[in-house]
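J.: The structure follows.
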Amino acid sequence: MPRRGNMIYYITVAAVFIILETAAAVMLGYNGQLQNTWIGKGLHGFMASVWGGTESVRHYFSLGQENRDLAMENYRLQLELRKHGLEARTGDMPWNDTAGRFRYIPAEILKMSNNRQHNYLIIDKGSEDGIQPMSGIITGEGTVGIVEAVSRHYAYAISFDNPDMAVSARLGRDGAAGTLVWAGTGSRDAILNEIPHHIDVEEGDTVFTSGFSAIFPPDIPLGVTGDKSLVNGSFFRIDVRLFEDFRKLRFVTVALSIDKEEIEALENE
Amino acid sequence: MKTVQNFGLMYILMVVGQMFICNYFHLSMYVSLTILPAIMLCIPLSAGTITAMLIAFASGLAVDALSDSVLGLNALSLVPVALCRKPVIRLFLGDEIIERKESFSFRQNGFMKIAGMTAICLSVFLMIYITADGAGVRPLWFNAARFAASLACSWLLSLLVVNILTSAD
């Protein structure tokens, strides 16, 4: 007998078997009280496992959307936090995407290089979303990059893991300010330069953005200090372990300085 | 050799015999006497698995309806026996007998092989029957004891039935 014929025969046998057994089980359930409870219990267990399985599959496929929702919620909460920080000084403000001197726009990283000396990233927001060149890209745990070029729907940025990028940073929220640059080795290793030698630096101190540039807002925690060495007898060169793991990044926030043009015009004068 | 018509008549008589056993032969709460798997095993091999399953369902239902057992219990237990009838015969007697659609008997194939086939078919039947009859409320040791006692008694009775149904004219 051909193989296909065999297959159809076996399927028919299986179908007839299932139909007859189901019919017998239904009759058994209708005619025996104990059997009715027993079959009902078995059926409920089976249905619960099927529903549990389908629910798990559905939940798995909706994880992407949940991630986006969480990133959006995270962005709103961060914005709220920044506003509350400013409220004590400026009073109540209506809700919008602006806090202090910066406007914040959530974005998703579409592409990011990590293994080069000059790393870059591309985000899913462009000029139509209000992104401008020289905008800062941040998370709650660090500075990610600076936007270099913008198209209508996308923006290209140089990553912090890039020797061309430097961030103005300070020790603690009100300590001495210096320049934080990538160490060029691991993606979470950075160096804080230009800290005067008379400043008392302890290992484990937190490094924040200073807010001196028009690119990154102040008080974003960046990392913790490690070993330090004296350069030219006048400045400390401090190793910094960054909080943010760039390899796991997906959702970021773009920070646009509202007063950037005014500050630049003033600088040019 | 018995004709199919003769077998049909014998089959019906055996099913009626099972109804009598169910109604009048209550040896113990540990013993459920049954000859249905044995008569299922003896259905001529010219009948396919689907036909055997339909016959098993009808026979089981008839016994359930005309005896004091719960309707559907014998049918539920007997259909799997019909399903595994040919694989069991193939296991003990080989492919040839199935391909040639020959009959088997104690004289042709030996006591041990027929007794083994009967025991396996009985075991399949009794496992389902006792589990479904207990409906999860009886302890495992009770079901196991009932299975062992029923298998021993039914096996002896089944050997007699198989001998009657498969003996040559």
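Residue numbers (this note's numbering), protein chains in the order written: chain P, 1 to 269; chain Z, 1 to 169. Quick reminder that beta carbons are idealized off the backbone N, C-alpha and C, glycines included.
Judging by CA-CA distance, which residue of Z:127, Z:140, Z:104 and Z:167 is the nearest neighbour of residue 32 of chain Z?
T.: The sequence position of residue 32 of chain Z within the second sequence is 32, counting from 1. Nearest C-alpha to residue 32 of chain Z: Z:127.
J.: For the putative contact between residue 123 of chain Z and residue 34 of chain Z, defined by C-beta atoms under 8 Å, what is the C-beta separation to the nearest angstrom?
T.: Walking along the second sequence from the start, residue 123 of chain Z turns up at place 123. Walking along the second sequence from the start, residue 34 of chain Z turns up at place 34. Residue 123 of chain Z to residue 34 of chain Z, Cβ: 11 Å. No contact.
J.: Against chain Z, with Cβ distances strictly below 8 Å, would residue 251 of chain P count as a contact?
T.: Your numbering for residue 251 of chain P matches position 251 in the first sequence. No, because no Cβ of chain Z sits closer than 8 Å to the Cβ of residue 251 of chain P.
J.: Pull up the distance between the alpha-carbon of residue 15 of chain Z and that of residue 50 of chain P, whole angstroms please.
T.: Within the second sequence, residue 15 of chain Z is the residue found at index 15, counting from 1. Within the first sequence, residue 50 of chain P is the residue found at index 50, counting from 1. Cα-Cα distance, rounded: 40 Å.
J.: Could you tell me the distance, in whole angstroms, from the CA atom of residue 77 of chain P to the CA atom of residue 141 of chain P?
T.: Indexing the first sequence from 1 puts residue 77 of chain P at position 77. Indexing the first sequence from 1 puts residue 141 of chain P at position 141. Near 14 Å, if we compare the C-alpha coordinates of residue 141 of chain P and residue 77 of chain P.
J.: Regarding residue 121 of chain Z and the ligand PLP, is the C-beta to nearest heavy atom distance less than 7 Å?
T.: No copy of the ligand PLP occurs in the structure displayed, which carries no ligand at all.
J.: Could you tell me the alpha carbon to alpha carbon distance between residue 260 of chain P and residue 98 of chain P, rounded to whole angstroms?
T.: As a working note, residue 260 of chain P is residue 260 in the first sequence. As a working note, residue 98 of chain P is residue 98 in the first sequence. Answer to the nearest angstrom: the Cα atoms are 14 Å apart.
J.: Are the region 96-113 of chain Z and the region 39-54 of chain P touching, with three or more C-beta to C-beta distances below 8 Å?
T.: The region 96-113 of chain Z vs the region 39-54 of chain P: no contact.
J.: Which residues of the region 8-33 of chain P have a Cβ closer than 7 Å to any Cβ of chain Z? Give them in chain order.
T.: If the cut-off is 7 Å between Cβ atoms, the region 8-33 of chain P has 12, 13, 16, 17, 20, 21, 24, 25, 27, 28, 31 and 32 near chain Z.
J.: At a Cβ cut of 9 Å, what residues of the region 49-67 of chain Z count as close to chain P, listed as they run along the chain?
T.: Residues 49, 50, 53, 54, 56, 57, 60, 61 and 64.
J.: Should the region 44-63 of chain Z be called in touch with the region 80-91 of chain Z, which here means at least 3 C-beta pairs below 8 Å?
T.: Counting Cβ pairs under 8 Å, three or more are found: they touch.
J.: So that I know if they touch, is there some Cβ in chain P lying closer than 8 Å to that of residue 15 of chain Z?
T.: Taking the first residue of the second sequence as 1, we reach residue 15 of chain Z at position 15. For residue 15 of chain Z, the answer is no, since every Cβ of chain P falls outside 8 Å of its Cβ.
J.: Would you call the region 128-138 of chain Z and the region 11-25 of chain Z in contact, with 3 or more CB pairs under 8 Å?
T.: No contact exists between the region 128-138 of chain Z and the region 11-25 of chain Z.
J.: Which residue wins for smallest C-alpha separation from residue 60 of chain Z, given the options Z:77, Z:46, Z:44 and Z:68?
T.: As a first step, residue 60 of chain Z must be located in the second sequence, where it is residue number 60. It is Z:77 whose Cα lies nearest to the Cα of residue 60 of chain Z.
J.: Straight-line CA distance for residue 45 of chain Z to residue 86 of chain Z?
T.: Locating residue 45 of chain Z in the second sequence gives position 45, where the first residue counts as 1. Locating residue 86 of chain Z in the second sequence gives position 86, where the first residue counts as 1. Between residue 45 of chain Z and residue 86 of chain Z, the C-alpha separation is close to 8 Å.
J.: Does DSSP put residue 248 of chain P in a helix, in a strand, or in coil?
T.: Along the first sequence, read from residue 1 onward, the residue named residue 248 of chain P stands at position 248. Residue 248 of chain P falls in the helix class under three-state DSSP.
J.: When burial is assigned at 16 or more other CB atoms within 10 Å of the CB, is residue 7 of chain P buried or exposed?
T.: Translated into positions along the first sequence, residue 7 of chain P becomes position 7. It is exposed - the Cβ of residue 7 of chain P has fewer than 16 other Cβ atoms within 10 Å.
J.: Please list the partners that residue 110 of chain Z has in chain P, where partner means a Cβ-to-Cβ separation under 7 Å.
T.: Here residue 110 of chain Z corresponds to residue number 110 of the second sequence, with the count starting at 1. The premise fails here: residue 110 of chain Z is roughly 29 Å from chain P at the closest Cβ pair, so nothing lies under 7 Å.
J.: For a test of the three-state rule: what should DSSP assign to residue 170 of chain P, helix, strand or coil?
T.: Taking the first sequence and counting its residues from 1, one reaches residue 170 of chain P at position 170. Looking at residue 170 of chain P - three-state DSSP - the assignment turns out to be strand.
J.: Cβ of residue 88 of chain Z less than 8 Å from any chain P Cβ?
T.: The sequence position of residue 88 of chain Z within the second sequence is 88, counting from 1. Residue 88 of chain Z does not count as touching chain P.
J.: Quick check on residue 8 of chain Z - is its C-beta less than 8 Å from some C-beta in chain P?
T.: Numbered from its first residue, the second sequence carries residue 8 of chain Z at position 8. Not an interface residue.
J.: Are there 16 or more other CB atoms within 10 angstroms of the CB of residue 24 of chain Z, so buried, or fewer, so exposed?
T.: Position 24 of the second sequence, counted from the first residue, corresponds to residue 24 of chain Z. Per the 10 Å Cβ criterion, exposed.
J.: State the Cα-Cα distance for the pair residue 163 of chain P and residue 68 of chain P, rounded to the nearest angstrom.
T.: The residue labelled residue 163 of chain P in the question sits at position 163 within the first sequence. The residue labelled residue 68 of chain P in the question sits at position 68 within the first sequence. One C-alpha to the other measures close to 31 Å.
J.: Cα separation between residue 57 of chain P and residue 43 of chain P?
T.: Taking the first sequence and counting its residues from 1, one reaches residue 57 of chain P at position 57. Taking the first sequence and counting its residues from 1, one reaches residue 43 of chain P at position 43. Taking the straight line from one Cα to the other gives about 21 Å.
J.: So, do the region 127-134 of chain P and the region 165-174 of chain P have three or more beta carbon pairs nearer to each other than 8 Å?
T.: No, because fewer than three Cβ pairs between the region 127-134 of chain P and the region 165-174 of chain P fall closer than 8 Å, the two stretches do not touch.
J.: Go ahead and label residue 247 of chain P buried or exposed: buried means 16 or more other beta carbons lie within 10 angstroms of its beta carbon, across all protein chains shown.
T.: Taking the first sequence and counting its residues from 1, the one referred to as residue 247 of chain P is at position 247. By the neighbour-count rule (16 or more Cβ atoms within 10 Å), residue 247 of chain P is not buried but exposed.
J.: Excluding the 5 residues preceding and the 5 following residue 1 of chain P in the sequence, name in chain order all residues of the same chain whose CB lies nearer than 6 Å to its CB.
T.: Within the first sequence, numbered from 1, the residue matching residue 1 of chain P stands at position 1. Unreliable placement is indicated for residue 1 of chain P, whose pLDDT of 47 sits below 50; the coordinate value is still reported in the next sentence. Cβ neighbours of residue 1 of chain P beyond the five flanking positions: none.
J.: Quick one: what does DSSP say residue 8 of chain Z is sitting in, helix, strand or coil?
T.: Sequence index remark: in the second sequence, residue 8 of chain Z carries index 8 (1-based). Note: residue 8 of chain Z maps to helix in three-state DSSP.
J.: Put residue 76 of chain P into one of helix, strand or coil per three-state DSSP.
T.: Within the first sequence, the letter at position 76 stands for residue 76 of chain P. Helix.
J.: Less than 8 Å between CB atoms is the rule here; does residue 1 of chain P satisfy it with respect to chain Z?
T.: By 1-based counting over the first sequence, the position of residue 1 of chain P is 1. Confidence at residue 1 of chain P is low in this model, with a pLDDT of 47, below 50, so the placement of that residue is unreliable and no value is reported for it.
J.: Where do the ends of the alpha helix (DSSP H) carrying residue 55 of chain P lie?
T.: Here the question's residue 55 of chain P lines up with position 55 in the first sequence. That run of the alpha helix (DSSP H) goes 33-61.
J.: According to the Cβ coordinates, are residue 161 of chain Z and residue 117 of chain Z closer than 8 Å?
T.: Residue mapping note: residue 161 of chain Z aligns to position 161 of the second sequence, counting from 1. Residue mapping note: residue 117 of chain Z aligns to position 117 of the second sequence, counting from 1. Going by C-beta atoms, residue 161 of chain Z is not nearer than 8 Å to residue 117 of chain Z.
J.: With DSSP as the reference, identify every bridge partner of residue 112 of chain Z, one or two as the case may be.
T.: The sequence position of residue 112 of chain Z within the second sequence is 112, counting from 1. The partner list for residue 112 of chain Z (beta bridge, DSSP) is empty, contrary to what the question assumes.
J.: Which class does residue 12 of chain P belong to by DSSP, given the choice of helix, strand or coil?
T.: Counting from 1 along the first sequence, the entry for residue 12 of chain P is found at position 12. Residue 12 of chain P: helix per DSSP, three-state reduction.
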